[in-house]
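Asks: Quick one: the structure is below, and I'll ask about it shortly.
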Amino acid sequence: DIQMTQSPSSLSASVGDRVTITCRASQDIRNDLGWYQQKPGKAPNRLIYAASSLQSGVPSRFSGSGSGTEFTLTISSLQPEDFATYYCLQHNTYPLTFGGGTKVEVK
Amino acid sequence: EVQLVESGGGLVKSGGSLRLSCAASGFTFSSYSMTWVRQAPGKGLEWVSSISGTSTFIYYGDSVKGRFTISRDNARNSLYLQMNSLRVDDTAVYYCARLTCSGSTCYTPPDYWGQGTLVTVSS
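Shown next as structure tokens:
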């Protein structure tokens with residue numbers, strides 16, 4: 002199985018900060034990776050697919066990069082509505098595997 | 112508008128069974144793979160099972176293999192998850208989601224998700 006190691010597990014940040022979250026795959030997954038945002042009591046919302054493609058309707062302050070085994074989600078200027086938990090997901094090989102999540106909290 | 116609506120969750124005793132349903136609308140259901148993802152209270156997301164559009168390809172996570180069965184009825188635009196031999200650690204919100212795959216290759220991660228249905232397994 003492909004393991005997805007996501008870091009950090011949590012971070013504290015202020016509105017306007019630049020935030021970076023990393024996922025590392027245990028083997029090459031090309032660009033078969035998505036990023037999701039989840040708020041309490043809600044379903045995950047896809048932000049990024051194919052590692053760097055922005056989902057329609059998602060603000061441009063979100064961006065994704067990477068390929069192979071190293072991937073990054075960046076929020077260029079954190080907004081109040083961005084405080085949430087973020088997950089990466091690899092869909093290169095079954096079983097599909099999620100990263101452990103990163104909770105972005107108010108500093 | 113794509114909509115996915117789960118139902119069938121509830122409280123069940125350990126060892127019991129439950130069948131979840133996911134009603135799909137707003138897209139050509141048979142053209143898409145579908146998947147179940149769960150989230151235990153306060154925990155992260157865990158992939159459970161996936162099924163291709165024609166039910167040819169079916170996959171399960173190790174934690175549910177042999178106990179859960181995924182199926183679909185394309186005439187009814189519905190996805191199902193039959194859960195048998197339920198355990199306390201199966202307690203979670205179960206989400207259905209849409210996948211774009213061909214055979215065992217998924218081109219994109221799940222795009223549309225339902226709101227989830229809560230399954231609680233008591234001892």
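Protein chains in written order, with the numbering used here: chain A, 2 to 108; chain B, 112 to 234. Don't be surprised by glycine CBs; every beta carbon is placed ideally from N, CA and C.
#1: So what does DSSP say about B/Ser142, is it helix, strand or coil?
#2: Using beta carbons (cut-off 7 Å, strictly below), is A/Gly58 in contact with chain B?
#3: Can you tell me whether DSSP reads B/Glu157 as helix, strand or coil?
#4: Count the other C-beta atoms from every protein chain shown that fall within 10 angstroms of the C-beta of B/Ser142, then say buried if there are 16 or more, exposed otherwise.
#5: Just the Cα atoms here: how many angstroms apart are A/Leu97 and A/Thr73?
#6: Based on Cα-Cα distance, which residue from A/Ala85, A/Ser64, A/Ile3 and A/Asp33 lies nearest to A/Ser10?
#7: Applying the 10 Å Cβ sphere with the 16-neighbour rule, what's the burial state of B/Asp200?
#8: Once you ignore the five residues that flank A/Ser27 on each side, which residues in its own chain have a CB closer than 7 Å to its CB?
#9: Identify whether A/Val16 lies in helix, strand or coil by the three-state DSSP scheme.
#10: Output needed for B/Val113: all residues of its chain with C-beta closer than 6 Å, excluding positions within five of it in sequence on either side, in chain order.
#11: Are any of the Cβ atoms in chain A nearer than 7 Å to that of B/Trp235?
#12: Using a beta-carbon distance below 7 Å, is B/Gly164 in contact with chain A?
#13: Closer than 6 Å: is that where the CB of B/Thr202 sits relative to any heavy atom of the ligand ADP?
#14: So A/Gln80 and A/Val16 are supposed to be a Cβ contact under 8 Å. How far apart are they, rounded?
#15: If you drop the 5 nearest sequence neighbours on each side, which residues of the same chain put their C-beta closer than 8 Å to that of B/Pro221?
#16: Can you pull the chain B residues whose beta carbon is under 9 Å from the beta carbon of A/Phe99, in chain order?
Replies: A quick look at the data gives this:
#1: helix
#2: no
#3: strand
#4: exposed
#5: 18 Å
#6: A/Ala85
#7: exposed
#8: Ile3 and Gln4
#9: coil
#10: Gly137, Phe138 and Tyr223
#11: The shown model of chain B, from 112 to 234, leaves out residue 235 of chain B, and the question about it has no answer.
#12: no
#13: Ligands in the displayed structure: none, and consequently the ligand ADP is not present.
#14: 6 Å
#15: Thr146, Val148, Ala208, Arg209 and Leu210
#16: Val148, Gly155, Leu156, Glu157 and Trp158
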